[in-house]
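Novice: My questions all concern the structure below.
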Amino acid sequence: MRTNRLRTAHPVPWAGWAALAAGAVLCVVGWYGVSGERYAERQLPYLASCTIPGAALIVAGAVLLAHGRDTLAAARVEELYGLLVAAEPAGADGPGRAAGSPVAVGDELLAVPGGTLWHRADCPLVAGRTEAVAVDANLVADAGLGPCPICEPPAPAEPPEPADG
65 MRTNRLRTAH PVPWAGWAAL AAGAVLCVVG WYGVSGERYA ERQLPYLASC
115 TIPGAALIVA GAVLLAHGRD TLAAARVEEL YGLLVAAEPA GADGPGRAAG
165 SPVAVGDELL AVPGGTLWHR ADCPLVAGRT EAVAVDANLV ADAGLGPCPI
215 CEPPAPAEPP EPADG
């Protein structure tokens with residue numbers, strides 16, 4: 065479920081790609097002009113009018129693309145926060161949950177493959193996710209998982225030692 069805000073085209077990445085393309089075209093034109101001239105004094109106009117502005121446009125495009133990714137990431141964080149707030153059950157205090165009441169209380173522990181946290185099964189961040197897997201101490205140690213700050217799950221129990229026979 066995505067909001068309308070994320071479906072709109074962001075102008076910053078498009079401007080970055082346009083600046084990169086224009087810079088590449090100018091660099092190619094400058095290179096072509098320089099390669100056709102034998103003397104350095106005839107090559108300088110191509111450097112000044114095409115190659116140097118082209119390189120500047122390439123740098124500007126890279127900066128715009130880097131900034132555009134940050135803007136998109138911030139919009140996604142806002143969307144996730146909105147989903148998390150919307151998932152809170154109505155409690156005694158009205159629209160939010162009761163003060164001091166836990167977000168999740170289940171004993172089953174889950175993690176999403178590729179994630180960095182383990183959660184309670186009823187945590188809003190993993191509830192209903194079919195790809196979530198059960199967590200034990202070995203998985204936490206192997207994957208370097210940390211506890212979710214939202215549902216504050218307990219540490220997973222150590223698996224039983226195999227009996228030597």
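For what it's worth, this note's numbering labels the leading residue of the sequence shown as 65, then goes sequentially.
We treat Cβ as the ideally placed atom computed from N, Cα and C, and that holds for glycine.
Please read these numbers as outputs of a predicted model, since none were measured by experiment.
#1: Assuming residue 129 and residue 77 are in contact, meaning their beta carbons sit under 8 Å apart, how far apart are those beta carbons, in whole angstroms?
#2: How would you call residue 125, buried or exposed, if buried means at least 16 neighbouring beta carbons within 10 angstroms?
#3: Does the separation of the CB atoms of residue 185 and residue 172 fall below 7 Å?
#4: Quick one: Cα of residue 148 to Cα of residue 141, how far?
#5: Name the one or two DSSP bridge partners that residue 181 has.
#6: Is it buried or exposed, residue 194, if we count other Cβ atoms within 10 angstroms and call 16 or more buried?
#7: Below 8 Å on the Cβ atoms is my guess for residue 197 versus residue 220; work out the distance and round it to an integer in Å.
#8: Please list, in chain order, all residues of the same chain as residue 91 whose beta carbon is under 8 Å from its beta carbon, the five residues on each side excluded.
#9: So who's on the other strand from residue 174, going by DSSP bridges?
#10: Among the residues of its own chain, which have a CB less than 6 Å from the CB of residue 218, if the five just before and after it don't count?
#11: Measure the C-alpha to C-alpha separation of residue 85 and residue 202 and round it to an integer number of angstroms.
#12: How big is the Cα-Cα spacing for residue 174 and residue 199?
Specialist: Let me lay it out:
#1: 6 Å
#2: buried
#3: yes
#4: 10 Å
#5: 210
#6: exposed
#7: Not a contact, Cβ separation roughly 12 Å.
#8: 114, 115, 118, 119 and 122
#9: 183 and 198
#10: none
#11: 49 Å
#12: 5 Å
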